[in-house]
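**Q** Pasting in a structure now, in structure tokens, and then I'll have a few things to ask.
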Amino acid sequence: MSITESRATKIVLRIIVISSIVRAFIGGTMEFSNDEVYYWTYALYPELSHFDHPPMVGWVIQLFTLNLKLPYELFMRLGGVVFAGINTFLAYRIASKLKDSIAGIYAAFLYTSSIYASILSGIFIIPDTPQTLFWMLSIYFLLESLPVAKIDGKARRNLLLAGLMIGLAGLSKYHGAFIGIGVALYVLVCDRRWFADWSLWGAGAIAVLCLFPVFYWNYANDFISFTFHSDRVTPTLELRLDYFLREFGGQIAYNNPWNWYLIVAALVGIAKGKKVMDKKSLQVLLFNGLPLIIVFTSFALFRETLPHWSGPGYFPLIIITAVYWRVVLIDSKARNAWRLWKPKRIAGSTTFLAVVLAIAYWLINFSPINLGKTNMDDPQNFGEWDFTQDMYGWRQINKKLQPIIEKDVQEGKMKPNAKFVAFEWFPGTHIDFYIAHPNNHPLIMMGTWDQIHKYAWINQDRGGLEKGEDVYFVNVTNWGRDVNQQFAAYFDSIEEVGRVEVTRANKLMRYAYLYRLKGYKDNYPFPDPFEKTHKIN
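UniProt numbering puts the first residue of the sequence shown at 1, with every later residue one more than the last.
Structure below.
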């Protein structure tokens, strides 16, 4: 059974509208994660590129916040909501072209069911957020060009557009290079006639030109970004099965275990000879996704990786899976196959995501359960290891600290705009965004290159610390630090100003201590972004 394209489109638009409302609600009512709040600095201090990532995520934040005139969670995350909706429609269109509208509906549901696609890059604002849009667009234009029987003007235009999308994906995150690698492998292995056509080389040139800001910034900064990332992925000689299992398990979790099962079952079925689409289109999709997945899964045998690095590699596999299960349902002569609550394989994936999302939202915002340390004899580490607190309680801390700081200023103990210091970018950037910056207190980040990243440049822009200067330090106990051990060597004295409680569901979750660090000795070895050679470690 089939349905009209207009009816299928209406179904998909409903999926997009409902999921977008849910994403916008969550995005507007949850405080930032560690990574997200750090990328706020990309918009606050825009550059051609940055220490750890290309500039696109900062540009997206600037766009949707009207250059930070609307510096709120909803608007900073709005790019993710919009892009996830566009990507869902692209998944529908791609699968519809490969098979039919029902396959397109399946693709829309599977994309929406992906935790990586729908939450990590669909709600949160991280470099993956814009990268997913350009990755999906690259799939669309590559399928409109590479598999054609005859290379004509339309195919060339689509390939050039694919080159632009590849470049913009790379301008979002370096992993975008894997799209180009996939194209090169496809042409080399499956369709060498493209080597003789100028449009392939033109597309490559466009992609490289898009990355000019990144190359120029790195040239001006001793290629520090490339050095940082090469250190992260250079394999060691020691086999680490714990890293591998974490990467493997993380890929299953991030893509939704239900989705992952459907994807693996589809790939196994195709490997056994099940024909679901034309051979060249299948090859384009496989080369678009598998290199990224294989490389980072292999790296995990010897080096610590993060599961979301391979996230976009599953997008083409979602398309393949949607078409595969549509063909399976046709072959089984299932009735009303377009009704997605009938094929439980597809509907179950969305149900699983909804349950996970509801539990996570409750845990972070309303749970009375403290998942960390709760020993009242050790208040300096109360709540430590509770990951749910990374995205909760920061506005509460700010509200409770404001009168304490105002009293300090009124009594002449600190200057009105005294600087804050923090150690490491997490939770330092949370303190910057939620406490220091909105109250006009510059924050200076302390730590090594690995610990402060872009703040090496921000510290310079904010004037650093002057000898004899008095500053504030906020110690949140879920990231508890020994303040004396951390700062005694660099300041004349350390004074505790006060302690505030962070509560959730009327239960104590953690403390936030405020300290005065008096008399900076001008002896801290801040990383210098203007030195000729940078030692990252």
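Think of the CB as a built atom: it goes at the ideal place given N, C-alpha and C, for glycine as much as any other residue.
In terms of alpha-carbon separation, which member of Arg-510, Gly-428, Asp-522 lies closest to Gly-463?
**A** Nearest of Arg-510, Gly-428, Asp-522 to Gly-463, Cα basis: Asp-522.
**Q** Under the assumption that Met-30 contacts Pro-127 (Cβ atoms under 8 Å), give the Cβ distance between them as a whole number of angstroms.
**A** Actually they do not touch by this definition, with Cβ atoms about 19 Å apart.
**Q** Less than 8 Å between C-beta atoms, sequence neighbours within five positions excluded: which residues of the same chain meet that for Ile-270?
**A** Result list for Ile-270: Val-276, Leu-282, Ile-320, Tyr-324, in chain order.
**Q** Given Gly-468, which residues of its chain have a CB within under 7 Å of its CB, disregarding the five upstream and five downstream residues?
**A** Taken in chain order, the residues that qualify are Gly-519, Tyr-520.
**Q** Do the stretch 290-304 and the stretch 105-113 make contact, defined as three or more Cβ pairs closer than 8 Å?
**A** Result no; under three Cβ-Cβ pairs closer than 8 Å.
**Q** With DSSP as the reference, identify every bridge partner of Arg-510, one or two as the case may be.
**A** Bridge partners of Arg-510: Val-502.
**Q** Roughly how many angstroms lie between the CA atoms of Asn-475 and Leu-517, to the nearest whole one?
**A** Looking at the two C-alpha atoms, the distance is approximately 12 Å.
**Q** Output the residue ranges of the alpha helix (DSSP H) runs that lie fully inside the stretch 208-277 and measure 4 residues or longer, sorted by chain position.
**A** For the stretch 208-277, whole alpha helix (DSSP H) runs of length 4 or above, ordered along the chain, are 212-220, 224-233, 241-254, 257-271.
**Q** In this structure, how does DSSP classify Gly-393 when only helix, strand and coil are distinguished?
**A** Reduced to three states, the DSSP call for Gly-393 is coil.
**Q** So the beta strand (DSSP E) Ile-444 belongs to, where does it begin and stop?
**A** 443-446 is the extent of the beta strand (DSSP E) around Ile-444.
**Q** Who does residue 577 pair with in a DSSP beta bridge?
**A** Nothing about residue 577 can be reported from this structure: the residues present for the chain run from 1 to 537 only.
**Q** Pick helix, strand or coil for Tyr-116, following the three-state DSSP scheme.
**A** DSSP places Tyr-116 in helix when its eight states are reduced to three.
**Q** With a 10 Å radius around its C-beta and 16 neighbouring C-beta atoms as the bar for buried, classify Phe-420 as buried or exposed.
**A** Result: buried.
**Q** Can Phe-124 and Glu-36 be called in contact, C-beta distance under 8 Å?
**A** Result yes, Cβ atoms of Phe-124 and Glu-36 sit closer than 8 Å.
**Q** Bridge partners of Tyr-515, per DSSP?
**A** For Tyr-515, which the question treats as bridged, DSSP gives the partners Phe-473, Glu-496.
**Q** Answer with buried or exposed for Gln-410, where buried requires no fewer than 16 other C-beta atoms within 10 angstroms of its C-beta.
**A** It is exposed - the Cβ of Gln-410 has fewer than 16 other Cβ atoms within 10 Å.
**Q** Grab me the residues of Thr-112's own chain with a C-beta within less than 7 Å of its C-beta, minus the 5 sequence neighbours each way, in chain order.
**A** Ile-15, Ser-19, Thr-88, Ser-118, Thr-350, listed in sequence order.
**Q** Got a sec? Which residues, its chain only, sit under 6 Å from Trp-385 by beta carbon, not counting five neighbours each side?
**A** Result list for Trp-385: Gly-372, in chain order.
**Q** Which of the three DSSP states is assigned to Phe-491 in this structure?
**A** Phe-491 falls in the strand class under three-state DSSP.
**Q** For the beta strand (DSSP E) containing Ala-418, name the first residue and the last one.
**A** Note, Ala-418: premise wrong, no beta strand (DSSP E); not H, not E.
**Q** Going by DSSP, name the residue or residues bridged to Tyr-520.
**A** Phe-491.
**Q** Please confirm whether Gly-80 and Thr-41 have their CB atoms less than 8 Å apart.
**A** No, Cβ-Cβ distance for Gly-80 and Thr-41 is not below 8 Å.
**Q** Confirm, please, whether the CB-CB distance from Phe-51 to Ile-224 is below 8 Å.
**A** It is a contact, given that the beta carbons lie within the stated cut-off.
**Q** In this structure, how does DSSP classify Asp-52 when only helix, strand and coil are distinguished?
**A** Note: Asp-52 maps to coil in three-state DSSP.
**Q** Taking the C-alpha atoms as reference points, what is the distance between Val-268 and Ala-205?
**A** Whole-angstrom Cα-Cα distance: 37 Å.
**Q** Excluding five sequence neighbours on each side, which residues of the same chain lie with their C-beta closer than 6 Å to the C-beta of Thr-374?
**A** None.
**Q** Mapping the DSSP letters down to three states, classify Gly-347 as helix, strand or coil.
**A** This sequence places Ala at residue 347; Gly is not what is there. Three-state result, Ala-347: helix.
**Q** Quick one: what does DSSP say Met-136 is sitting in, helix, strand or coil?
**A** If DSSP states are grouped into helix, strand and coil, Met-136 belongs with the helices.
**Q** Ordered along the chain, which non-local residues of its own chain (more than five positions away) have a Cβ less than 7 Å from that of Glu-47?
**A** Counting only Cβ-Cβ distances below 7 Å, and skipping sequence neighbours, we find Pro-55, Trp-217.
**Q** In the DSSP assignment, find the alpha helix (DSSP H) that holds Asn-35 and state where it starts and stops.
**A** Inspection of the sequence shows that residue 35 is occupied by Asp rather than by Asn. 34-44 is the span of the alpha helix (DSSP H), which, as asked, contains Asp-35.
**Q** Would you decide whether Ile-11 is buried or exposed? Buried here means 16 or more other CB atoms lie within 10 Å of its CB.
**A** Under this definition Ile-11 is a buried residue.
**Q** Would you be able to state if there are at least three C-beta pairs under 8 Å between the stretch 132-146 and the stretch 176-183?
**A** As far as the Cβ criterion goes, the stretch 176-183 touches the stretch 132-146, which means the pair count is three or higher.
**Q** Less than 8 Å separating the beta-carbons of Ile-452 and Met-445?
**A** Yes.
**Q** From the DSSP output, in three-state form, read off Asp-378 for me.
**A** Coil.
**Q** From Leu-63 to Asp-492, what distance separates their C-alpha atoms?
**A** Taking the straight line joining both Cα atoms gives about 44 Å.
**Q** Tell me whether Leu-241 is buried or exposed, calling it buried when 16 or more other Cβ atoms sit within 10 Å of its Cβ.
**A** Counting Cβ neighbours within 10 Å, Leu-241 comes out exposed, since fewer than 16 surround it.
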